[in-house]
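Chemist: Each residue of the sequence shown is one higher than the one before, counting from 9 in this note's numbering.
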Amino acid sequence: MSDGVSVILPTYNRCTLLQETLESVLAQSLQPAEIIVVDDCSPDDTVEMLATYGDKLRLITKQSNQGKAHSINLALSECQHPLVWIVDDDDLMHPDALQTLTNLLQHHPEAGFAYGRHVRFSIDNAGNRQEWDTGYWTECASEEFLVRTMEDFFVHQPGMIFKRALVDQSGPLNENLVRSQDYDFLIRLARVASGVGTQDVIFFQRQHDGLRGTKENSFSATERDKKWMEYDQKIFRALRDDMDLSEFLPSGEQIQSPTDKRRALLQRGVIMGRKKLWDLAIQDFSDAATLGDAPLSDAETLTLSRAFSSKYGCEEIFDGSFPIAEYKQIFESVPLGSEICRSLSNGLRWRVREALFKGKITRAFLYSRFMLALRRAR
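Rendered as structure tokens:
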């Protein structure tokens, strides 16, 4: 048994799925020191089912439905051990998950958290299990983790453990967020500590059609991406005001020259663009274009090429919401405008290839036309 890991398992109205999740936690090759399950006033048989586990877990029942973030914060205040593993109530843990993650922290004591991959799966009506890949994932050095995480969320709570003491620096989960609370929390953890990762599979992420959110603010799987984007935008508008510009460089680097500032502005602009906050991205790109006499570096060009690579797609190209006219107007008056536009457009090449591969000829044509328009911004 591990003498240092507290498992937190928040749940609401998922009795059957929760039981499968709990069994996968109890089946760990390295047993956790404690398991805290917080029931958010479920109307189903969750509490009765959990009672059958006796002293294998600690059950906290709430008198009113207050959301997942509140449940996790409540459990964090009750944890008795220095490491924390937050597990979702519909996923399944790999049998060696805890062993793998604790080994990482033992070999990298300077790290504040350890993380690994997940595999997506679903169960069809006949009870057959189908697995497919991780989906969006990025391999990056420890010093790049914060920036790459801000580009897109790829490390999920069941796929990581962290040191409980970090919460004193980062703050608890934001209970005002109905969605993306885990994303916001991970960014704050990464701002105060470094992480260490592995390509090993840590958990199996269930794909299903159940409701998400709180009792008063629930939404279906089909509305999921729209909700994620809505709350991601709230988070990143606030982060842009709160974070020092140097935090958009690899961890440990400081802004010591106009070129450094340009690099940070371009990175922040790419992050804002991936969140569909193109109004904010325009500000950063135009400011960056006035800095430094040198052409864009290979690193800056590569960063810009990721602006249209959001896992949420590029619907703004098709619905007319991308402010192409504003980009043209701004970049016509700055020295590096054409270089920035050209680098931004390069990232759309794989969108064209993907559309062609899927037989979506019209979409591929529209991507190509947009690329040309962006390249001709000057």
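We treat Cβ as the ideally placed atom computed from N, Cα and C, and that holds for glycine.
Please list, in chain order, all residues of the same chain as Asp104 whose beta carbon is under 6 Å from its beta carbon, the five residues on each side excluded.
Modeler: So the list reads Ser37, once near-sequence residues are dropped.
Chemist: Going by DSSP, what residues sit across from Met168 in a beta bridge?
Modeler: Per DSSP, Tyr123.
Chemist: Give a yes or no on whether the C-beta atoms belonging to Gly62 and Gly124 are separated by under 7 Å.
Modeler: It is not a contact, given that the beta carbons lie outside the stated cut-off.
Chemist: Which of the three DSSP states, helix, strand or coil, is assigned to Leu17?
Modeler: Of the three classes helix, strand and coil, the one that applies to Leu17 here is strand, per DSSP.
Chemist: Entirely within the region 293 to 324 and at least 4 residues each: give me those alpha helix (DSSP H) ranges in chain order.
Modeler: Counting whole runs of 4 or more residues, the region 293 to 324 contains the alpha helix (DSSP H) stretches 306 to 312.
Chemist: Rank Ser32, Leu17, Val33 by C-alpha distance to the C-alpha of Ala77 and give the top, closest one.
Modeler: Measuring from the Cα of Ala77, the nearest candidate turns out to be Leu17.
Chemist: Does the Cβ of Asp233 have 16 or more other Cβ atoms within 10 Å, making it buried, or fewer, making it exposed?
Modeler: Label assigned to Asp233: exposed.
Chemist: Assuming contact is defined by CB atoms lying nearer than 7 Å, are Gly277 and Asp287 in contact in what I supplied?
Modeler: Not in contact: Gly277 and Asp287 (Cβ atoms no closer than 7 Å).
Chemist: Are there 16 or more other CB atoms within 10 angstroms of the CB of Pro40, so buried, or fewer, so exposed?
Modeler: Buried, by the Cβ-count rule.
Chemist: Does the beta-carbon of Gly120 have 16 or more other beta-carbons within 10 angstroms, so that it is buried, or is it exposed?
Modeler: When all chains shown are included, Gly120 counts as buried.
Chemist: If I'm right that Thr108 touches Val13 with Cβ under 8 Å, what's the distance once you round it to whole angstroms?
Modeler: Not a contact, Cβ separation roughly 12 Å.
Chemist: Could you tell me the distance, in whole angstroms, from the CA atom of Lys171 to the CA atom of Lys269?
Modeler: If you take the alpha carbons of Lys171 and Lys269, they lie about 32 Å apart.
Chemist: Since Thr29 and Asp97 should fall inside the 8 Å C-beta cutoff, what is the C-beta to C-beta distance between them, to a whole number of angstroms?
Modeler: With a Cβ gap of about 5 Å, Thr29 and Asp97 count as contacting.
Chemist: Roughly how many angstroms separate the alpha carbons of Asp141 and Glu324, rounded to a whole number?
Modeler: About 27 Å.
Chemist: Using C-beta distances below 7 Å, list every residue in its chain close to Cys148, excluding the 5 sequence neighbours before and after it, in chain order.
Modeler: Arg156.
Chemist: Buried or exposed for Asn81, going by 16 or more other Cβ atoms inside 10 Å?
Modeler: The residue in question, Asn81, is buried, as its Cβ has 16 or more Cβ neighbours within 10 Å.
Chemist: Hey, quick one: how far does the beta strand (DSSP E) through Gln213 stretch, first residue to last?
Modeler: Start and end: 203 to 214.
Chemist: What is the rounded straight-line gap between the Cα of Gln275 and the Cα of Arg377?
Modeler: Their Cα atoms are separated by approximately 25 Å.
Chemist: Where does Val186 fall in DSSP's three states?
Modeler: Of the three classes helix, strand and coil, the one that applies to Val186 here is coil, per DSSP.
Chemist: Provide the residue span of the beta strand (DSSP E) that contains Ile94, from first to last.
Modeler: It spans 91 to 94 - the beta strand (DSSP E) in which Ile94 sits, taken as one unbroken run.
Chemist: In angstroms, rounded to a whole number, what distance separates the CA positions of Met9 and Leu91?
Modeler: Any reading at Met9 needs caution, since the residue's pLDDT is 49, under 50, leaving its predicted position unreliable; the model's value is listed next. Approximately 14 Å between the Cα atoms of the pair.
Chemist: Should the region 185 to 193 be regarded as contacting the region 234 to 242, the criterion being three or more beta carbon pairs within less than 8 Å?
Modeler: Touching, yes, given that three or more Cβ pairs across the two stretches are closer than 8 Å.
Chemist: In the DSSP assignment, the alpha helix (DSSP H) including Arg66 goes from what residue to what residue?
Modeler: Arg66 -> not in any alpha helix (DSSP H); beta strand (DSSP E) instead, spanning 66 to 69.
Chemist: Just tell me which of Leu253, Ala59, Gly328 has its CA closest to the CA of Ala296.
Modeler: Comparing Cα positions, the closest option is Leu253.
Chemist: Can you tell me whether Asp252 is helix, strand or coil according to DSSP?
Modeler: DSSP places Asp252 in coil when its eight states are reduced to three.
Chemist: So, Ser313 versus Gly355, is the Cβ gap smaller than 7 Å?
Modeler: Yes, the Cβ-Cβ distance between Ser313 and Gly355 is below 7 Å.
Chemist: Roughly how many angstroms separate the alpha carbons of Leu113 and Leu106, rounded to a whole number?
Modeler: Approximately 11 Å between the Cα atoms of the pair.
Chemist: Could you say which of Asp306, Gly143, Arg66, Asp192 lies nearest to Val45 if we only look at CA atoms?
Modeler: The option with the nearest alpha carbon to Val45 is Arg66.
Chemist: Here's a check: name, in chain order, each residue in its chain whose Cβ is nearer than 7 Å to the Cβ of Phe211, leaving out the five neighbours to either side.
Modeler: Contacts found: Asp99, Leu100, Met101, His102, Ala105, His126, Pro166, Gly167.
Chemist: From this set, Gly179, Gly321, Leu25, which residue's C-alpha is nearest Leu84's C-alpha?
Modeler: Out of Gly179, Gly321, Leu25, Gly179 has the C-alpha closest to the C-alpha of Leu84.
Chemist: Take Lys235 as the anchor and find which of Glu56, Thr206, Ala173, Lys283 has the nearest alpha-carbon.
Modeler: When each option's Cα is compared against that of Lys235, the closest is Lys283.
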